[in-house]
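First comes the structure, then the notes that go with it.
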Amino acid sequence: MAIDSDVLVIGGGLAGLTSALAAARAGADTRLVSYKQSTLRHASGLVDVLGYTPDGDGPLVDPFDAIPDLPEAHPYRTVGTEMVREALALFDDAVPHYRGSHTDANALVPTHGGTVKPTARYPVGASAGVASDDRDALLVGFEALADFDAPQAAAHLDAAGVPFDVRGATIRFPGDLRADAKITRYAKLLDADSRVPVDGRDQSVRAALAERVRAELDGEERVGFPAILGDDDAAGVREALADALGAAVFEVPMGPPSLPGLRLEDALFDALDSAGASIETGNPVVDYDGGDRIERVSVEKNGARIPYAADQYVLATGGLVGKGVESDRDAVYEPIFDCHVAHAGDRYDWFEDDAFGDHAFPQFGVATDDSLRPEEADGSTEFPNLRAAGSVLGGYDFAAEKSGGGVSLATGYAAGRAAAEETR
Amino acid sequence: MSDSQSTDFDPVAPNTGEDFEPVDVFDDSDDFDLRPGADSCYKCSTCDTNCPVAEVDDDFPGPKFQGPEQWRLKRRDDDHSVDDSVMDCSNCMRCDNACPSGVNLSQMHNTARGEYVSEELSKLSVEYVRNRLLANYRKSAWLASKVPRLANAAANFGPARWLGEKLLGVTGEREFPDFATETFTEWWAAQGGAAGSKERAREARERRGEPLDADKRVAYFHGCYAEYNTPEVAKALVRVYEHFGYEIVVPEQGCSGTPMFANGMLDDARRDAELNVSSFADLVDEGYDAIASCTSCSMAIRQEYPELFDIDGIDDVAANTFESVEYLRIHEDLEGELADADVGDDLAAEFAYHAPCHARNQGLDRQAVELFGDLDGVGVEDVGDSCSGISGTYGWKAEKYETSMKIGDEMFDHMEAADGETGMTECPTCAMQMEHGTGYDVRHPLELLEAAVVA
Chain A
19 MAIDSDVLVI
29 GGGLAGLTSA
39 LAAARAGADT
49 RLVSYKQSTL
59 RHASGLVDVL
69 GYTPDGDGPL
79 VDPFDAIPDL
89 PEAHPYRTVG
99 TEMVREALAL
109 FDDAVPHYRG
119 SHTDANALVP
129 THGGTVKPTA
139 RYPVGASAGV
149 ASDDRDALLV
159 GFEALADFDA
169 PQAAAHLDAA
179 GVPFDVRGAT
189 IRFPGDLRAD
199 AKITRYAKLL
209 DADSRVPVDG
219 RDQSVRAALA
229 ERVRAELDGE
239 ERVGFPAILG
249 DDDAAGVREA
259 LADALGAAVF
269 EVPMGPPSLP
279 GLRLEDALFD
289 ALDSAGASIE
299 TGNPVVDYDG
309 GDRIERVSVE
319 KNGARIPYAA
329 DQYVLATGGL
339 VGKGVESDRD
349 AVYEPIFDCH
359 VAHAGDRYDW
369 FEDDAFGDHA
379 FPQFGVATDD
389 SLRPEEADGS
399 TEFPNLRAAG
409 SVLGGYDFAA
419 EKSGGGVSLA
429 TGYAAGRAAA
439 EETR
Chain B
41 MSDSQSTDFD
51 PVAPNTGEDF
61 EPVDVFDDSD
71 DFDLRPGADS
81 CYKCSTCDTN
91 CPVAEVDDDF
101 PGPKFQGPEQ
111 WRLKRRDDDH
121 SVDDSVMDCS
131 NCMRCDNACP
141 SGVNLSQMHN
151 TARGEYVSEE
161 LSKLSVEYVR
171 NRLLANYRKS
181 AWLASKVPRL
191 ANAAANFGPA
201 RWLGEKLLGV
211 TGEREFPDFA
221 TETFTEWWAA
231 QGGAAGSKER
241 AREARERRGE
251 PLDADKRVAY
261 FHGCYAEYNT
271 PEVAKALVRV
281 YEHFGYEIVV
291 PEQGCSGTPM
301 FANGMLDDAR
311 RDAELNVSSF
321 ADLVDEGYDA
331 IASCTSCSMA
341 IRQEYPELFD
351 IDGIDDVAAN
361 TFESVEYLRI
371 HEDLEGELAD
381 ADVGDDLAAE
391 FAYHAPCHAR
401 NQGLDRQAVE
411 LFGDLDGVGV
421 EDVGDSCSGI
431 SGTYGWKAEK
441 YETSMKIGDE
451 MFDHMEAADG
461 ETGMTECPTC
471 AMQMEHGTGY
481 DVRHPLELLE
491 AAVVA
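Chains A and B, in that order, give the protein sequences. What the first sequence shows, in our numbering, is residues 19 to 442, in sequence order. What the second sequence shows, in our numbering, is residues 41 to 495, in sequence order.
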């Protein structure tokens, strides 16, 4: 026997979660297994669709406009523009605290490094910060939180030519947390509005923080903080600070571990729970049984092989960084099903010497047919009941194009829905 | 790449000559060498955001420091001693599941804690004596089980608890768990032991229309708590497994070692691990699978044993050990059985379910909710992903009690917000904390399973 479902999704990132959600909503008994906690915890929380063309043109105003001109091997060309829109609609329905659905145009969201990123969907917490808004902004950093240097980020934004005045200030977070306090420590204090010691007496942390920011405020109509403003009650924290400051408050997305990523994970897990899907994390899928079709896969728990059987499978294990595509000194390969990954025989052709050169490795991944089924080198289907989604797909460079989130959503949605349809 | 042999350093063209083999940076070694694991850590700090202790304690540096950073400092020479903050880690092992890079954080913590206790902590200190006593709970439990009523009265006698706190640093806030008047193994012997089980299993297989010679044999690791304190959990396991036609054996066993790992008593843990592995390895050889009803016990055997010890047969035992409900999910049609079941008596209830950290790390945190989701007359509501905070012996220490309760706060709140006033969990100490924080009665999923499928 084995642990059974109709559709088994392997991978807990945006592609896996979307694919499981699409399959479960289409009525399939769906299970998602992920080696570790969702990689969304490492994500900025921004969902890009397409910020730049593969040639580097951009930032693009309308990503949908540019999709038909992408190279044929690009995952967007496989699923088509309409599927990208449908996937975004699923996302908008499942994740209510996001903005951007009112327009096809990319929003320009400031990052913690002071660049401006073209993105299609962004958390409501970041919305007062968009660069197309011409209100003057104050960025606030904290002494102990080295990941966000507010004056430097402000200088970068200024140099990037944003249409407003922006200034950065660094203050001490009330309560004198340890120098390497966890971001969740800040968030929980703000969530609960805990009392912290300030100048020898206990004060509400929200009020004390607002007081310190007010001393720096010089007429700016909006104030940006690193993304640490609460976890369970992020909206409440922003509102309280905005009231106290008399200015709009926004969060600047940060590197990992990322609270906007954690909040997105929570929202998608809730949506999966409501759709009746099962989720398991903590152990990797390492192998499969079957000949032409995949009959079952093995989840390894410290040496024990636990069998999971399904009718249809979705491979959403990530790319080279997420370890869904692996390499050694001889070859590049997909470790679970050994799906074909095209790459040059000589490993020195996998990269360029120039750090920002035209490398081959970012595009390593599986190639698929129109239904997202991985193909062997000769173009034949690897398995009739396996589809692939997200960064495990080849043919695109999400980092250069700013297309990671959108490709995960669109291919995840398409793969999950197609898998569910096959089980009917 | 022919220019790579030039003597001028050129970062664009690294030296990739014949003699350079970048893979072999470290000597081959049979020792547990944690340095390569430390090098896999890229400091993303996700482990820190999962650490329940760091969440409430500003002074705790967190799993990233305790594991990879400390190990990297230590590898170079012996001048670096282990930082005493490692004793504030509760060994919940959540950091393992958090790490995207597969760093064996809890292995590093266990090893560091072991080294700290053997090299830095005075054997004459109250802390050492207290920790040793707590870690070897099985010994005192064995003694108490000989005189359970007296032990129950004495342990919870107010002045004795006060003295325990003053002299030993065992918190006076908690009530000691009751000792059962009959241990599980006494009950098991009265049921005829393995021979009795074989007979009952054969009858069940006949009733179920399964082949009489079906290969359904399991060796039960009951652990200390089901033996001395909650034999009803172990009895439920026996009845459920026999209902499905499994022959059970209960081999000689010690403590799983969980409280010893958590207190850095690795020699004590090795002693019990050797006993357990030798007793289960022979059975595994004969085709038995090992099952445990406590998720910390299964975690110890599956993961901590092979990470920390080199004992003959250890990997085989680890690979053939399962959590008891998980094992049935793999081999039986539990969903089907439960679809036809209904639960009468006092177990027809709304349960507030808490997933123990050590179940979480085995990927079992949603198992009970999923399994009982459609069971008539029963609701099982997950109370969220917070840690209960007791972490075995951790919450029993006077100086850790407050931290333990602060961690548990979120779980208590969620339990109270959930429908119903009965708790459910697989871990006996989580159950203790749930009861302590809310006053709820707490049951094990096996008890509910028994009520549902064993008519």
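By construction, the Cβ of each residue, glycine as well, lies at the ideal position given by its N, Cα and C atoms. This one's a predicted model, so the numbers in the text were calculated from it and none came from an experiment.
Buried versus exposed, by CB contacts within 10 Å (16 or more), residue i
i, result
"Thr-221 (chain B)", "exposed"
"Thr-443 (chain B)", "buried"
"Arg-347 (chain A)", "exposed"
"Leu-207 (chain B)", "exposed"
"Lys-83 (chain B)", "exposed"
"Pro-402 (chain A)", "exposed"
"Glu-243 (chain B)", "exposed"
"Ala-194 (chain B)", "exposed"
"His-92 (chain A)", "buried"
"Asp-5 (chain A)", "A query on residue 5 (chain A) cannot be resolved here, the shown segment of chain A reaching from 19 to 442 and no further."
"Asp-405 (chain B)", "buried"
"His-130 (chain A)", "buried"
"Leu-183 (chain B)", "exposed"
Coarse secondary structure for residue i, derived from DSSP in three states
i, result
"Gln-231 (chain B)", "coil"
"Gln-55 (chain A)", "coil"
"Phe-166 (chain A)", "coil"
"Val-63 (chain B)", "Low confidence applies here, because Val-63 (chain B) scores a pLDDT of 49, under 50, leaving its location unreliable and the question unanswered by this model."
"Asp-217 (chain A)", "coil"
"Glu-393 (chain A)", "strand"
"Met-133 (chain B)", "coil"
"Pro-136 (chain A)", "strand"
"Phe-82 (chain A)", "helix"
"Tyr-326 (chain A)", "strand"
"Ile-498 (chain B)", "Examination of residue 498 (chain B) is not possible in this model, given that chain B is present from 41 through 495 alone."
"Leu-88 (chain A)", "coil"
"Val-315 (chain A)", "strand"
"Thr-298 (chain B)", "helix"
For residue i, the nearest candidate out of the options (CA to CA)
i, options, result
"Pro-275 (chain A)", "A:Arg-59, A:Asp-87 and A:Glu-439", "A:Arg-59"
"Ser-421 (chain A)", "A:Leu-68, A:Gly-29, A:Thr-48 and A:Gly-193", "A:Leu-68"
"Thr-299 (chain A)", "A:Gly-31, A:Val-223 and A:Ala-46", "A:Gly-31"
"Leu-333 (chain A)", "A:Ala-265, A:Leu-404, A:Ala-285 and A:Pro-302", "A:Leu-404"
"Ala-309 (chain B)", "B:Asp-350, B:Val-273, B:Pro-199 and B:Pro-271", "B:Asp-350"
"Pro-271 (chain B)", "B:Arg-112, B:Met-472, B:Thr-223 and B:Phe-391", "B:Thr-223"
"Gly-143 (chain A)", "A:Ala-395, A:Pro-380, A:Leu-247 and A:Leu-157", "A:Leu-247"
"Val-97 (chain A)", "A:Gly-408, A:Ala-295, A:Val-184 and A:Glu-161", "A:Gly-408"
"Gly-179 (chain A)", "A:Val-425, A:Thr-133 and A:Ala-432", "A:Thr-133"
Cα-Cα separation between residue i and residue j, rounded to whole angstroms
i, j, result
"Glu-366 (chain B)", "Leu-277 (chain B)", "12 Å"
"Asp-251 (chain A)", "Ala-258 (chain A)", "11 Å"
"Gly-233 (chain B)", "Ile-370 (chain B)", "26 Å"
"Lys-163 (chain B)", "Tyr-156 (chain B)", "12 Å"
"Arg-314 (chain A)", "Tyr-306 (chain A)", "6 Å"
"Leu-282 (chain A)", "Pro-141 (chain A)", "9 Å"
"Thr-478 (chain B)", "Lys-446 (chain B)", "14 Å"
"Asp-288 (chain A)", "Gln-55 (chain A)", "15 Å"
"Ala-42 (chain A)", "Trp-202 (chain B)", "55 Å"
"Phe-219 (chain B)", "Tyr-268 (chain B)", "6 Å"
"Gly-285 (chain B)", "Leu-252 (chain B)", "9 Å"
"Ile-74 (chain A)", "Asp-87 (chain A)", "Ile is not the amino acid found at residue 74 (chain A); the sequence shown has Gly there. Their backbone Cα atoms lie some 13 Å apart in a straight line."
"Arg-75 (chain B)", "Glu-205 (chain B)", "40 Å"
"Glu-440 (chain A)", "Gln-330 (chain A)", "8 Å"
"Arg-49 (chain A)", "Ala-437 (chain A)", "12 Å"
"Ala-418 (chain A)", "Pro-77 (chain A)", "11 Å"
Between the segment 362 to 373 of chain B and chain A, which residues of the former have a C-beta closer than 8 Å to a C-beta of the latter?
Going along the segment 362 to 373 of chain B in chain order, one finds Phe-362, Glu-366, Arg-369, Ile-370, His-371, Glu-372 and Asp-373 with a Cβ nearer than 8 Å to chain A.
Against chain B: residues of the segment 28 to 55 of chain A by CB proximity under 7 Å:
Those would be Lys-54 and Gln-55, in chain order.
Return the residues of the segment 293 to 315 of chain A that lie within a Cβ-Cβ distance of less than 7 Å from chain B, sorted by chain order.
Cβ proximity to chain B below 7 Å picks out Ser-296, Ile-297, Glu-298, Thr-299, Gly-300 and Asn-301 from the segment 293 to 315 of chain A.
Report the residues of the segment 202 to 231 of chain A with a CB closer than 8 Å to any CB of chain B, ordered along the chain.
Those would be Thr-202, Arg-203 and Lys-206, in chain order.
Which residues, in order along the segment 134 to 164 of chain B, keep a beta-carbon less than 7 Å from a beta-carbon of chain A?
Here the close residues are Asn-137, Ala-138, Cys-139 and Pro-140.
Which residues, in order along the segment 377 to 398 of chain A, keep a beta-carbon less than 7 Å from a beta-carbon of chain B?
Within the segment 377 to 398 of chain A, no residue has a Cβ lying closer than 7 Å to any Cβ of chain B.
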